[in-house]
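Numbering-wise (my numbering), the sequence shown opens with residue 30 and increments by one.
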Amino acid sequence: MCKPSPATIVNTWVVNMNRPLVFLVMALVLGIVGATAWQIDTTLALGLGLLAWLTAGIGILRTWRYNAWVFFCACLMLGFTLTTIERTAIPPHLATLNGKNVKVTGEVVDQPDVRADGVYYRLEVKQLEFNRETLGEKCILRVKIKGRGPVFKYGDILALQGIVNIPDPPGNPGAFDYRVWLTRQGIAATLSVRDAKEVKVLDRGGSFIFKTALAIRDRLEKIYDQTMTRTQAAILKGIMFGTRGEIPPEIQQAFNSTGLVHILSVSGFHVGLVVVLVLGLLRLCRLPARFTPLVAIPLLLFYAVMTGLGPAVTRSTIMAILLIISHHIGRQQDWPTTLALAAAVILATNPQNLYDIGFQLSFVATWGLFYITPKLLDLWPGWPRALALLVAVPLAAQLATLPLVVLYFNLVSPVSILANLLTVHLVALIMLFGGMSLLPGLFYLPLAHWLNVSTGLLTDLFLWLVQWCNSLPGAAWYLPTPPWWVVVAYYICLVGSLELVHRIEWQYKLKETFNKLAPDKTKARFALATLVFLIMLTAWFMWPVHNELQVHFIDVGQGDSTLIITPNNRTMLVDAGGWPQELVTARGAGDHVVVPYLHRLGINHLDVLVLTHPHADHAGGARAVLEAMDVGMVLVSPYGLSKEDKVDDGYETVIQKIKSKNIKLQPVRSGDMLNIDPAIAVRVLSPAEKIIGTRSDANNNSLILKITYFQRSVLLAGDAEAEVEEELIKSSGDLAAEVVKVPHHGSGYFAENFFSEVNPQVAVISVGANNRFGHPAARTLETLREMNCRVLRTDKQGAIILTTDGTKWGMQTGK
30 MCKPSPATIV NTWVVNMNRP LVFLVMALVL GIVGATAWQI DTTLALGLGL
80 LAWLTAGIGI LRTWRYNAWV FFCACLMLGF TLTTIERTAI PPHLATLNGK
130 NVKVTGEVVD QPDVRADGVY YRLEVKQLEF NRETLGEKCI LRVKIKGRGP
180 VFKYGDILAL QGIVNIPDPP GNPGAFDYRV WLTRQGIAAT LSVRDAKEVK
230 VLDRGGSFIF KTALAIRDRL EKIYDQTMTR TQAAILKGIM FGTRGEIPPE
280 IQQAFNSTGL VHILSVSGFH VGLVVVLVLG LLRLCRLPAR FTPLVAIPLL
330 LFYAVMTGLG PAVTRSTIMA ILLIISHHIG RQQDWPTTLA LAAAVILATN
380 PQNLYDIGFQ LSFVATWGLF YITPKLLDLW PGWPRALALL VAVPLAAQLA
430 TLPLVVLYFN LVSPVSILAN LLTVHLVALI MLFGGMSLLP GLFYLPLAHW
480 LNVSTGLLTD LFLWLVQWCN SLPGAAWYLP TPPWWVVVAY YICLVGSLEL
530 VHRIEWQYKL KETFNKLAPD KTKARFALAT LVFLIMLTAW FMWPVHNELQ
580 VHFIDVGQGD STLIITPNNR TMLVDAGGWP QELVTARGAG DHVVVPYLHR
630 LGINHLDVLV LTHPHADHAG GARAVLEAMD VGMVLVSPYG LSKEDKVDDG
680 YETVIQKIKS KNIKLQPVRS GDMLNIDPAI AVRVLSPAEK IIGTRSDANN
730 NSLILKITYF QRSVLLAGDA EAEVEEELIK SSGDLAAEVV KVPHHGSGYF
780 AENFFSEVNP QVAVISVGAN NRFGHPAART LETLREMNCR VLRTDKQGAI
830 ILTTDGTKWG MQTGK
């Protein structure tokens, strides 16, 4: 018998599946992925794309059913070509203007994003001027105008001046890559503007439809601002229009932890409610059924434009429109084809949407609702239908999105199903009452205020339920970032398990295979051994035993934060970084860098937090760490606990936070030993007593720690300066270490013989790029170079991760 060719196999498969659009969208996706992996010249990509479609056109003249492979290749090349064209390269003149002050004229092409720290705009550049030279190449900039001031509108043509910034790649492994995100949004760089008062509106442009829709949205949002409390209005604007910039960070975090963040982004849930409300109103108005699509579809499209046309909104709007049309013409909707059509429209418009997290979660969740929900309902035949649906729908969405949520956010939320069950009908009521207040609010604001009293009470109840779910023990767990193959394996196992439960023939074949593998007498033992193996495999993946000492010098910019993971998986964080004013605001390196770094490693608990001294660049991130996870003990320097000690503003707040959480606060001194893990020794070398009268008492009272694991050792020297280093040389005979965290970010103010006494092989300098202090000093670098010591810097290498089994060192860097 002749073996069929690949083309014949593809043709037969497509004909049998009766869903050619699904097949073609798969090709489109492969083309987008291919163009991302292999970048080629745009002209070549266009040529190949035209050739593929010309071949497909010839194929149409024959028979589609026998030319499926030709169309597969054509759609693959379409994805490849569109991605190549859409990929935003930084214009040459912008690369040279990084960090420079420029004058820009451009048009606002999207809804402004109002946040606590300023307003963000998407600006299409018409003209760019630097040193009186005009550069005409067009591009898109993301403009941040700091502070409070007038908010400019979509379509405004602005003249402004600011600093161009092309973000650097992330310094820490797995961190959010802002530069890649901008590129996928079609944005070439960012522009920072100091004050809105320095911006001039030259003219107004933009699409009439978009301008009208966004102007109506602004007017409707103001009704909430004027008739509700600030928090209530922020939540309602998030629910109704997807505006999230004004939601307080702690509330945003509660939504993330409870798996309810989708409620604050307009998605299928919101569009579905809008469809129900629109169709209900049309029926109430006794509109003839034949006119329903003519009224409902424009209203849905207008709502989609008003909420920003994000991937989730576009997907749900397309599917809702197709549902209305199919119902109108009396045809049953095929959900895989509908989902594929929505994906095709979104990806053809912007292929980079494939990498948008919202796009991926929206489509995977929808797949889960249509595919998993019916199979779960079949498992509970005795349940009341309403109760079964109430449980099956959120469970299906959770099962479908779980690996992606872990992949991108490292988050597992056991309370997610409970939280969704408690709030789903409440959100519908909030949307109903909130929507009812808008029309009267346009004409008579006091009436909207009266209606929104009920809306506010419902919103407060909703927030209380979210906070309550978030306060439950184990509400959120963070897991290490899984490799891509684990995500693929999860979906294979999920689909395989569901199909196995529902397919008798699969069960029969599995039983037959099991009987062949295990004789009757050993079946129970074989099954038990298989179960134990799977449990051990899962435990090994979730909680690996490495028997190594890991030292992570986290890239926090101009500051210090070092994570120690012991051979027995105990954790110690020495300092938490800190940006200017972070001790006061609790926003900066802690919540943006350190906490996400710990979560990516699956760390939910710190055994010890060490604050070496009371400066913001070391202790600033501590409040975010204390809020984000349990901490067993906090070790501090004796300096900073007395009123006469000079500490940075906000350090007292950190100490009070530790005490309020009933965490053990322990000042330590020279000679103290920390028994965190019997496999390692952690010894405090300094300070012996509080040091007063030096150039910087806070720096010289830094805790200096030496960590030893068999023959390997690390010295963490805080911000110690020459005075205390000289004392250490005289009093301590135990300074020698193979790895040293260079004191005070590489400052030149160090004792002459300090480094020769330590005699390190590797020196790590935690320092910010282009910092105003001039760190590291040339004298420090020269001294280390003369010792043939390898110098590693977080501003150059990013995070520096050293591992040792007690005999040799391994190294990994973030850049």
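Cβ atoms here follow ideal geometry from the backbone N, Cα and C, with glycine treated the same way.
Considering only residues of the same chain and omitting the five flanking positions on each side of residue i, which have a CB-CB separation below 8 Å?
| i | result |
| --- | --- |
| THR321 | LEU308, LEU311, ILE353 and HIS357 |
| VAL623 | ILE583, VAL585, SER590, LEU602, ALA605, GLY606, GLY650, ALA653 and VAL654 |
| HIS531 | LYS404 and ASP407 |
| GLU767 | ARG741, SER742, VAL743, PRO789, GLN790, VAL791 and TRP838 |
| GLU750 | THR723, ARG724, SER725, ASN728, ASN729, PRO772, HIS773, SER776, TYR778 and PHE779 |
| ALA765 | SER742, GLU786, VAL787 and ASN788 |
| THR836 | PHE739, GLN740 and ARG741 |
To which residues of the same chain is residue i closer than 7 Å at the C-beta, ignoring the five residues directly before and after it?
| i | result |
| --- | --- |
| LYS844 | PRO198, GLY200, GLN826 and GLY827 |
| GLU577 | PRO596, THR832, THR833 and ASP834 |
| GLU528 | TRP535 |
| LEU328 | VAL307 |
| ARG808 | GLY777 |
Spatial neighbours of residue i within its chain, please: CB distance less than 6 Å, with the 5 preceding and 5 following residues excluded, ordered by chain position.
| i | result |
| --- | --- |
| THR37 | Bear in mind that the predicted position of THR37 carries a pLDDT of just 48, short of 50, making it too unreliable to give a figure here. |
| PRO469 | LEU476 and ALA477 |
| ILE829 | PHE582, VAL793, LEU821 and THR842 |
| ASN481 | THR256, MET257 and SER466 |
| GLU756 | none |
Which residue wins for smallest C-alpha separation from residue i, given the options the options?
| i | options | result |
| --- | --- | --- |
| GLY135 | THR84, TYR520 and LEU187 | LEU187 |
| CYS104 | THR71, PHE52 and GLY76 | PHE52 |
| LEU338 | ASN382, SER355 and VAL676 | ASN382 |
| LEU813 | VAL793, GLY797 and ALA798 | VAL793 |
| VAL148 | TYR207, VAL222 and THR65 | VAL222 |
| THR367 | THR395, TYR384, ALA377 and GLY176 | THR395 |
| ASP224 | GLY178, THR336 and THR110 | GLY178 |
| ALA710 | ALA717, PRO716, GLU718 and ASP701 | ASP701 |
| GLY463 | PHE270, THR71 and ASP824 | PHE270 |
| GLY631 | ARG48, ALA66, ARG151 and LEU508 | LEU508 |
| GLN68 | THR112, GLU279, ILE174 and LEU370 | THR112 |
| LEU126 | PHE101, ILE192 and ILE594 | ILE192 |
| TYR400 | PRO512, PRO317 and SER526 | SER526 |
| ILE692 | ASN285, ARG171 and VAL683 | VAL683 |
| LEU512 | TYR332, LEU501 and LEU433 | The residue asked about is misnamed: residue 512 is Pro in this sequence, not Leu. Out of TYR332, LEU501 and LEU433, LEU433 has the C-alpha closest to the C-alpha of PRO512. |
| LYS132 | VAL172, VAL295, LEU313 and ALA262 | VAL172 |
| ALA333 | ALA318, VAL230, ALA349 and PRO423 | ALA349 |
| TYR626 | HIS575, ALA242 and PHE438 | PHE438 |
| GLY503 | ALA657, ILE687 and PRO120 | ALA657 |
| SER345 | LEU220, LEU436, THR219 and GLY387 | GLY387 |
| LEU57 | ILE245, ILE216, ASN379 and ASP232 | ASN379 |
| LEU494 | THR510, ASN633, LYS540 and SER445 | SER445 |
| ALA798 | PRO413, PRO696 and PRO196 | PRO196 |
Under the assumption that residue i contacts residue j (Cβ atoms under 8 Å), give the Cβ distance between them as a whole number of angstroms.
| i | j | result |
| --- | --- | --- |
| ILE375 | PRO340 | 6 Å |
| GLY267 | ARG273 | 5 Å |
| GLY288 | SER442 | 4 Å |
| ILE252 | SER483 | Not quite, the Cβ-Cβ distance comes to about 15 Å (not below 8 Å), so this is no contact. |
| THR343 | GLY397 | Their Cβ separation, rounded to whole angstroms, is 19 Å, which puts THR343 and GLY397 out of contact at 8 Å. |
| TYR668 | ASP748 | At roughly 11 Å, the Cβ-Cβ gap does not stay under 8 Å, so TYR668 and ASP748 are not in contact. |
| VAL143 | GLU275 | 6 Å |
| GLU227 | LEU189 | 7 Å |
| ALA74 | GLY108 | Going by Cβ atoms, the distance from ALA74 to GLY108 rounds to 10 Å, so no, they are not a contact pair. |
| ILE347 | LEU323 | 18 Å between Cβ atoms; not a contact. |
| ALA645 | GLU611 | 6 Å |
Unbroken stretches of the alpha helix (DSSP H), 4 residues or longer, contained in the region 486-544: Taken in chain order, the complete alpha helix (DSSP H) segments of 4 residues or longer contained in the region 486-544 are 513-531.
Stretch-stretch touch, CB-based, cutoff 8 Å, three pairs: the region 594-612 with the region 412-421: By the Cβ criterion, the region 594-612 is not in contact with the region 412-421, since fewer than three pairs of Cβ atoms, one from each stretch, lie closer than 8 Å.
If we require 4 or more residues per run, which alpha helix (DSSP H) segments fall completely within the region 46-91? Those alpha helix (DSSP H) runs which fall completely within the region 46-91 and span 4+ residues are 49-66 and 71-90.
Sequence ranges, beta strand (DSSP E) only - wholly within the region 753-777, length at least 3: For the region 753-777, whole beta strand (DSSP E) runs of length 3 or above, ordered along the chain, are 768-770.
Three or more C-beta pairs under 8 Å: does that hold for the region 299-307 against the region 510-522? No: fewer than three Cβ pairs fall under 8 Å.
When you compare the region 664-680 with the region 634-651, are there three or more beta-carbon pairs, one atom per stretch, that lie closer than 8 Å? Three or more beta-carbon pairs drawn from the region 664-680 and the region 634-651 are found closer than 8 Å, and the two stretches are therefore classed as touching.
Quick one: complete beta strand (DSSP E) runs, 3+ long, within the region 660-741? The qualifying runs are 693-696, 710-715 and 733-738.
So, does the region 233-240 touch the region 448-467, judging by three or more C-beta pairs under 8 Å? Taking 8 Å as the limit for Cβ pairs, the verdict is that the region 448-467 does not touch the region 233-240.
What are the start and end residues of each continuous alpha helix (DSSP H) run of 4 or more residues lying completely inside the region 390-448, in chain order? With a minimum length of 4 residues, the continuous alpha helix (DSSP H) runs that stay inside the region 390-448 are 402-408 and 414-438.
Residue ranges of each alpha helix (DSSP H) run of no fewer than 4 residues wholly in the region 89-169, ordered along the chain? If we require 4 residues or more, the alpha helix (DSSP H) runs fully inside the region 89-169 come out as 97-115 and 121-125.
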